[in-house]
Amino acid sequence: MRKKLLLSIILALIVFCSAFALAESEILVSNIDNNIAIGEAAKFSLKITNNAAVKQRYSIYSLQSGQGWNVDPSPLSDRIIELAAGKSYTTKIVAQPLETFSPGIYYVHVTIESDKGERYNQALKVYLSPEN
């Protein structure tokens, strides 16, 4: 009987505490133009929402930049975005191949990191068509 009561209390505490472990940021990526021909750049929309009660600073970067792809926000000044509590901001991400790749489907990654320790890695799907 005591074990059941203790187990019930522990379970209730886990459920109660998990309700407060909500993300402090929301990241939404959508395609603008991800079907490109050789020599073109794919474009994506990136919306960041600060759900925290305090101002946050976000860094946007890609470890693939300079390694076959150039993946940057447009404008470049959006590499660092500061958002007040409860505010949202939308920027454009441009992914351009630096090499002549074969036609196919490629995933390039962009990372959004907040000064509060959150890190989001988003895969951007690019369809590379043969030249027209």
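The sequence shown begins at 12 in this note's numbering and counts up by one. All C-beta atoms in this analysis are idealised placements derived from N, C-alpha and C, irrespective of residue type, glycine included.
Query raised in the report: In angstroms, rounded to a whole number, what distance separates the CA positions of E142 and K127?
Result: 44 Å
Query - Spatial neighbours of N81 in its chain, beta-carbon cut-off 6 Å, leaving aside the 5 residues before and after - result: Q107, L109
Report task. May I ask you to report which of helix, strand or coil DSSP gives S56? Result -> strand
Report task. Would you mind reading off the limits of the beta strand (DSSP E) that contains L135? Result -> 130–140
Requested in this report: Taking only the alpha-carbon atoms, compute the straight-line gap between Q133 and V65 and give it to the nearest angstrom.
Outcome: 24 Å
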